[in-house]
Each structure stands twice: as structure tokens, then as C-alpha cells.
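Have a look at the structure below, then the notes.
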Amino acid sequence: MSLYLAIDAGGTKTRCALADETRVLARAETGTVKLMRVSEAEATARLRAMITQVASAAGVSPGRVQRTCFGLAGSRSESVQQWANAALEGFVGGEVVLCGDEEIALEGAFHGGPGVLVIAGTGSNAIGRAGDGSMCGAGGWGPVLGDEGSGYWIGMEAVRSALRVHDEQGEAASTRLLGVVERMWGVGSLGELVALGNLRVPAEGVKPADFAALAPEIARLAREGDAIATDVLRRAGQQLAELVLLVLRKLGRGADDVEEVAFAGSVLGEIPLVREAFDVGLAAVRPQLRIREEPADPLDGAIWRARKR
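Quick note on numbering: the sequence shown equals residues 1 to 309 in the working numbering.
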């Protein structure tokens, strides 16, 4: 019996599954192993503990694995690739296939066929494949240089917008949103909020602010009618639509084969206002495209790729 290990390492959590040729034997989950968020030592410890757990649940040894498909955010970075290979070398058997989290999500949606997949979770990026198998992507440049429309972008853009309103219209116009941020970050004043928001590396035991964790609260404020939150979420949907349209333009004539757009991640899956703006943005330019209602599962794509390599 051949065994295949699939790993989906996102910005918030990491999931894995151990499968044979036809069925999934066991699943396990741990925290993020993204090196922008945790140290290499912690990432390695989490990854190996999760693999040990899933192998134990399946009643097999990790050394019996024939092929591992490891889909992870930031896979274009050479340092990330080196860490991933080092973390798995000698710990699991067989071949290790490294790819981006957007690639396994694309496989989860289309199983090798044409289509465009957009990921909007902690970060954001998109990838597309034409009927001839050619592929291209866009986005995924990280929270400082890109990730438009992502959970991190929503959180940061909401704080930026609230501070801009504070400057333009006074404290009363932005108090509600900034008050939510102060509560979530555990600070007691606007000055402390600004200091924490600008912190980029840990200092005196204080970690940088988690902007992505603000997204659910921004969505709640929008449901309650907050104008700043509503505007940010609509712009997030527009940004994600532009990401898909960019991939379609890059595919050129190959985009004629693309009939569907799929998505993965909590932003499009759980924030209706973002999804609404996303749908409107795509329909205005490509009305013939079908947008799937249910999210793609990147872990299913990693299983598929491990088996089909």
C-alpha cells in the first residue's frame, strides 16, 4: 500500500492528511509554520509533532510515506524552501514536493483542469491555469508589499482609514472602530495603538500587532452599519476581483478556456460584503465567468497532487 502525506500550511494554521491511493487514513492540525510569524525552531517542532500525530492515528510510520506534497505560503522564498526540506529530510520517507498554497488550492478546485483560484485568508494571491496546462499567478507578496484584500490588509486598512477619518473629521467619527482595535490589542490609548501598530519586530516582550485578527471584528462593525468598516470590506472585494482579472489577462488567449473561478480562505468564504463586491467586480468585466459558491479545500488539492505526481 502506497502512502501519501499532504500538508497545507497557511498563515494561521497548518493541516495535514495521510492517505493511500483511494482514501484518507487520518488528519491532524497545528498552528502556523509560516516563518514570517514563528521561528524556524518552533515551525519545525510544530510540523514534526503534527506529522507524528497523523501517522500515529493512521497506525503507520512517517518513514513509510512514498510522497509528500507540502503546500505553504511563501514557497517562492529560497530560505523557506531550505527550511521545509530540512524539516522533512530524514523525518518522512520518499519524495517531497514543495509548492505554493495557491497551487494546492487550485488542484483542490480543478484537479488539473482550467480555472482561476484566488486565496484570501491571512494573505492573498491568485493562480490560473489554461486548457493547455500553462499557468500564471499574481499577488502573494506579503503583508508589507502586497496581500491586497486579505485579512491582514483588511485589518491594517481599517486602522489606516480610521486614523485618516480621525484627522479629517475629528475623534468622534473614528472612535468606534479605533476603540475595538484598542480592546483587541489590549492598549489603553490612541498613542499606544499607534506605537503597537508600527512595531515590526518584538520589543521588550511585546509582539507586533496581529492585523489579520481584526478582520472578523471589522466585518461585525460593517454589519452594524459602520461606514469605515463597510468601505474597507468593499474595497477588499474589489482588490480580489482585480487580482483574478490580472491572472486572466496574463493567461492571454488561454483565458478563453477558463469558465470558473474558485476561492479559498475565510475572507471570501465568511465575509458576505467582500464576496458581494468581488462578484460585482468580476461580473462587470467577465460576466460569463461562473464563481463557485463553496470554497476549495487546499488540503484535498495536496492529496491529489501527491497521488498524481
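For glycine and all other residues, C-beta sits at the position ideal for the given N, C-alpha and C. Please read these numbers as outputs of a predicted model, since none were measured by experiment.
**Q.** Alpha-carbon spacing of Ala26 relative to Gly63, whole angstroms
**A.** 16 Å
**Q.** CA-to-CA distance, Ala203 to Arg67, given in whole angstroms
**A.** 41 Å
Q: Give me the Cβ distance between Ala306 and Cys69, rounded to the nearest whole Å; I'm assuming they're in contact under 8 Å.
A: 4 Å
Q) Applying the criterion that 16 or more other CB atoms from any shown protein chain within 10 Å of the CB defines a buried residue, is Arg160 buried or exposed? A) When all chains shown are included, Arg160 counts as exposed.
Q) Ends of the beta strand (DSSP E) at Phe91? A) Neither: Phe91 is in no beta strand (DSSP E) and is coded neither H nor E.
Q: Counting only runs of 3+ residues fully inside the region 230 to 283, write out the beta strand (DSSP E) ranges in chain order.
A: You should have 260 to 264.
**Q.** Contact set for Val165: own chain, Cβ-Cβ below 7 Å, skip 5 residues either direction
**A.** Ala173, Ser174, Ile228
Q.
Helix, strand or coil for Thr68? Go by DSSP, reduced to three states.
A. strand
(Q) Please give me, in chain order, every unbroken run of the beta strand (DSSP E) with length at least 3 that falls completely inside the region 129 to 203. (A) 135 to 139
Q.
Checking 8 Å against the spacing of the C-beta atoms, do Met50 and Thr14 come in under that value?
A. yes
Q) Residues in its own chain within less than 7 Å of Val187 by CB, not counting five upstream and five downstream? A) Leu193, Leu196
Q: Count the other C-beta atoms from every protein chain shown that fall within 10 angstroms of the C-beta of Ala284, then say buried if there are 16 or more, exposed otherwise.
A: exposed
**Q.** Whole-number beta carbon distance between Ser75 and Leu47, since they are thought to touch under 8 Å
**A.** Actually they do not touch by this definition, with Cβ atoms about 14 Å apart.
Q: Would you tell me roughly how many angstroms separate the C-alpha atoms of Ala222 and Arg275, rounded to the nearest one?
A: 13 Å
Q. Which of the three DSSP states, helix, strand or coil, is assigned to Glu95?
A. Looking at Glu95 - three-state DSSP - the assignment turns out to be strand.
(Q) Measuring only the C-alpha atoms, how far is Leu134 from Leu106? (A) Note that residue 134 corresponds to Ser in the displayed sequence, not to Leu. When rounded, the distance between both Cα atoms is 13 Å.
Q | Sufficient close CB pairs (3 or more, under 8 Å) joining the region 199 to 219 to the region 243 to 253 | A | no
(Q) If contacts are defined as beta-carbon pairs under 8 Å, then Leu145 and Val80 qualify, I think. What distance do you get, rounded to the angstrom? (A) Contact doesn't hold; Cβ gap of about 15 Å is too wide.
Q | CB of Val24 within 8 Å of CB of Thr32, strictly | A | no
Q. At which residues does the alpha helix (DSSP H) containing Asp300 begin and terminate?
A. Per DSSP, the continuous alpha helix (DSSP H) segment holding Asp300 begins and ends at 298 to 308.
Q. Between the Cα of Leu178 and the Cα atoms of Leu163, Ser77, Gly170, Gln82, which residue gives the shortest distance?
A. If we check each option's Cα against that of Leu178, Leu163 comes out closest.
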